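Heads up: the protein sequence lines correspond to chains S and G, in order.
One point on numbering: in my numbering, the residue at position 23 of the first sequence is 23, and numbering is uninterrupted.
One point on numbering: in my numbering, the residue at position 23 of the second sequence is 23, and numbering is uninterrupted.
Structure first, commentary second.
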Amino acid sequence: MNDSQINQEQILDALRVVIDPDLHRDIVALGFVKELKVRNNRVSFHLELTTPACPVKDELREQAEDAVRKLPGIEAVEVTLSAQVRSHGPTGQNIIPGIKNVIPVGSGKGGVGKSTVSANLAVALAETGASVGLMDADVYGPSIPTILGINDQPRSGGKGMLPVEAHGVKVISAGFFVKPDQAVVWRGPMLAKMIEQFLGQVEWGELDYLVVDLPPGTGDVQLTLCQRIPLTGALIVTTPQPVAVNIAEKAIIMFNQLKCPLLGVVENMSYWESRTTGEREFIFGSGGADRIAEKWEVPVLGKIPLATTVRESSDSGTPIVLDEAGSPAAVAFVDTAKSLAAQISIRNIRAESEGLVSINF
Amino acid sequence: MEFSTPQELKPISINRVNEYDVKINWKNGMEVIYPARRLRMECPCAVCVDELTGVRRLQENMVAEDVHPAGIDPVGHYAIQIHFSDGHNTGIYTWEKLVDLGKKLTGNT
Numbered sequence: 001m002n003d004s005q006i007n008q009e010q011i012l013d014a015l016r017v018v019i020d021p022d023l024h025r026d027i028v029a030l031g032f033v034k035e036l037k038v039r040n041n042r043v044s045f046h047l048e049l050t051t052p053a054c055p056v057k058d059e060l061r062e063q064a065e066d067a068v069r070k071l072p073g074i075e076a077v078e079v080t081l082s083a084q085v086r087s088h089g090p091t092g093q094n095i096i097p098g099i100k101n102v103i104p105v106g107s108g109k110g111g112v113g114k115s116t117v118s119a120n121l122a123v124a125l126a127e128t129g130a131s132v133g134l135m136d137a138d139v140y141g142p143s144i145p146t147i148l149g150i151n152d153q154p155r156s157g158g159k160g161m162l163p164v165e166a167h168g169v170k171v172i173s174a175g176f177f178v179k180p181d182q183a184v185v186w187r188g189p190m191l192a193k194m195i196e197q198f199l200g201q202v203e204w205g206e207l208d209y210l211v212v213d214l215p216p217g218t219g220d221v222q223l224t225l226c227q228r229i230p231l232t233g234a235l236i237v238t239t240p241q242p243v244a245v246n247i248a249e250k251a252i253i254m255f256n257q258l259k260c261p262l263l264g265v266v267e268n269m270s271y272w273e274s275r276t277t278g279e280r281e282f283i284f285g286s287g288g289a290d291r292i293a294e295k296w297e298v299p300v301l302g303k304i305p306l307a308t309t310v311r312e313s314s315d316s317g318t319p320i321v322l323d324e325a326g327s328p329a330a331v332a333f334v335d336t337a338k339s340l341a342a343q344i345s346i347r348n349i350r351a352e353s354e355g356l357v358s359i360n361f
Numbered sequence: 001m002e003f004s005t006p007q008e009l010k011p012i013s014i015n016r017v018n019e020y021d022v023k024i025n026w027k028n029g030m031e032v033i034y035p036a037r038r039l040r041m042e043c044p045c046a047v048c049v050d051e052l053t054g055v056r057r058l059q060e061n062m063v064a065e066d067v068h069p070a071g072i073d074p075v076g077h078y079a080i081q082i083h084f085s086d087g088h089n090t091g092i093y094t095w096e097k098l099v100d101l102g103k104k105l106t107g108n109t
């Protein structure tokens, strides 16, 4: 037995049967296996996933463990998990170098719960251990400070402004700079300037994900964001009824025109579930996100139920993923955040293999 | 030039060929050399093209013979911004536009 000591190659070969279901490649080819150590038929290694919010991380660990255990003579297998979020490769002009992924959250229509979705997804991603920022670029109705219960103002740091930290998320909001009894009545160039300051003059530090809560519609803020920085991909929020879906499609068309990829659709206020009978009522109709998904070939990342508690927690300043963790709406948000992280990994792995435009001029 | 899928619409590299002209290597293997002055004449910005009618305002006699790109920046995922030697830099040259121009330049439609 001692003569047939297992070597590293044999273990890597065995691990090649473990396929990441989202990335469709084996974990060895993806470079997930790190610090592989073999001593006296005891094996230990690190699985470095592409996001701490990986929806299948436990399955991957189990499969990897099983695969190695099947080798003859193995006495013990120890697998540790870690994550290194892949960066969306910038094409050069990156004015925010520490930020790996920028994800704008858009909708065509207002009032679909875009800010509630942005805030809960940001907090859910941060809960998994990722470093997350949230930029509230909704100049007309900045609601992130209310939803996250922020009363502080950003302080100035060495090079620029320091974001305010709330529930593990670094936040900058247009609301910090406009008094509640004032309204933003600005022309386009002013909006563009604000976005550029949020990108260039805020000390975000190192971020895995920067979620950007956009104003509704297809205007100057969206345009500036798409033109100034290479975005990982956009998330579209809609409600189920046709009037919202039709307008959400306009946002999709805008992102397509600006060559910003789409990561997926989230259907908010999807249904109402009775607490007593568990029966679901589709107050705003159903199938809105599915129709978008089919027509534009993007995944539905989640369906969030209507719940009084979502509204209450947003108004009270603790998002529902923390305020009522385990409730149906909170679970829906957490699952959506994981699907989003998976889509981002898929896109970045694909971009890595496609390569970037190199400009030498 | 065949550009069948949107993925092929992306350039791999954008380089200088000489003091003036720009060379773009496209994903489908094609290589196009864009003469400097032609790029300036094709500027799609609102100063050079009437926004409502689409009629080109920029005339040949308004552009110096030796105009050339001094720098190129990427714009998001979909275009480049060219800083010309005459100070003009408001045009956004999308991959589509550059592909169309490339087709004209190589006589391939």
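In this text, a Cβ means the ideal position worked out from N, Cα and C, and glycines have one as well.
Everything numeric in this text was worked out from a predicted model, so none of it was measured.
| Item | Value |
| --- | --- |
| Using a Cβ cut-off of 9 Å, pull out every chain S residue sitting near residue 15(G), in sequence order please. | 358, 359, 360, 361 |
| Quick one: give me the first and last residue of the beta strand (DSSP E) that residue 313(S) is part of. | Run containing residue 313(S): none in the beta strand (DSSP E); it sits in the alpha helix (DSSP H), 308-316. |
| Please list, in chain order, all residues of the same chain as residue 346(S) whose beta carbon is under 7 Å from its beta carbon, the five residues on each side excluded. | 22, 23 |
| Can you tell me where the alpha helix (DSSP H) with residue 200(S) in it begins and where it stops? | 188-200 |
| Strictly below 9 Å CB to CB, what residues from chain G border residue 235(S)? | Ordered by position in chain G, no residue passes the 9 Å Cβ test against residue 235(S), which lies about 16 Å from the chain. |
| Using a Cβ-Cβ cut-off of 6 Å (strictly less than) and excluding sequence neighbours within five positions of residue 113(S), which residues of its own chain qualify? | 268 |
| When DSSP labels each residue in this structure, what does residue 78(S) get in the three-state scheme? | strand |
| Please compile the residues from chain S whose C-beta is within a distance smaller than 8 Å of the C-beta of residue 34(G). | By Cβ distance, chain S contributes nothing, its closest Cβ being about 12 Å from residue 34(G), past 8 Å. |
| Expressed to the nearest angstrom, what Euclidean distance is found between the alpha-carbon atoms of residue 270(S) and residue 141(S)? | 23 Å |
| Which partner residues of residue 34(S) appear in the DSSP bridge assignment? | 46(S) |
| Should the segment 253-268 of chain S be called in touch with the segment 219-235 of chain S, which here means at least 3 C-beta pairs below 8 Å? | yes |
| In the segment 164-250 of chain S, which residue ranges form an unbroken alpha helix (DSSP H) of at least 4 residues, counting only runs that do not cross its ends? | 188-200, 220-228 |
| In terms of alpha-carbon separation, which member of 41(S), 246(S), 136(S), 217(S) lies closest to residue 147(S)? | 136(S) |
| Does residue 11(G) come within less than 9 Å of chain S when only Cβ atoms are used? | yes |
| Just to confirm the assignment, what range does the beta strand (DSSP E) spanning residue 73(G) have? | 69-75 |
| Buried or exposed for residue 343(S), please, with buried defined as at least 16 other CB atoms from any protein chain shown within 10 angstroms of its CB. | buried |
| Taking 9 Å as the CB-CB limit, is residue 71(G) close to chain S? | yes |
| Which same chain residues, not among the five before or five after residue 37(G), have their C-beta less than 6 Å away from its C-beta? | 67 |
| For residue 135(S), does the three-state DSSP call read helix, strand or coil? | strand |
| Establish whether the CB of residue 78(G) and some CB of chain S are separated by less than 9 Å. | yes |
| Please report the distance separating the alpha-carbon of residue 201(S) from that of residue 192(S). | 14 Å |
| For residue 213(S), is the classification buried or exposed, using 16 other Cβ atoms within 10 angstroms of its Cβ as the cut-off for buried? | buried |
| Could you give the distance in angstroms between the alpha-carbon of residue 37(S) and the alpha-carbon of residue 216(S)? | 52 Å |
| What residues in its chain sit with their C-beta under 6 Å from that of residue 55(S), if we drop five residues either side in the sequence? | 338, 342 |
| According to DSSP, is residue 58(S) helix, strand or coil? | helix |
| In terms of residues, what are the limits of the alpha helix (DSSP H) holding residue 288(S)? | 288-296 |
| So, at 6 Å on beta carbons, what are the nonlocal neighbours of residue 76(S) in its own chain, with the 5 sequence-adjacent residues on each side left out? | 42 |
| Excluding the 5 residues flanking residue 324(S) on each side, which residues of the same chain have their C-beta closer than 6 Å to its C-beta? | 309, 330 |
| List the whole-angstrom C-beta distance separating residue 33(S) from residue 47(S), where the pair is believed to meet the contact cut-off of C-beta under 8 Å. | 7 Å |
| Please name the residue or residues paired with residue 31(G) in a DSSP beta bridge. | 25(G) |
| Suppose the cutoff is 7 Å on Cβ atoms and the five residues either side in sequence are ignored; what does the same chain contact list for residue 17(G) look like? | 23, 33 |
| Please confirm whether residue 296(S) and residue 352(S) have their CB atoms less than 9 Å apart. | no |
| So is residue 2(S) buried or exposed if we call it buried at 16+ other beta carbons inside 10 Å? | With a pLDDT of 45 at residue 2(S), under the threshold of 50, the modelled position of that residue is not reliable, and no figure is offered here. |
| Verify the CB distance criterion: does residue 295(S) have a CB-CB separation below 9 Å to chain G? | no |
| Name the DSSP beta bridge partners of residue 267(S), please? | 238(S), 303(S) |
| Please work out which residues of its chain come closer than 6 Å, Cβ to Cβ, to residue 112(G), disregarding the five sequence neighbours upstream and downstream, and give them in chain order. | In the structure displayed, chain G extends from 1 to 109; residue 112(G) sits before or after that span and is not available. |
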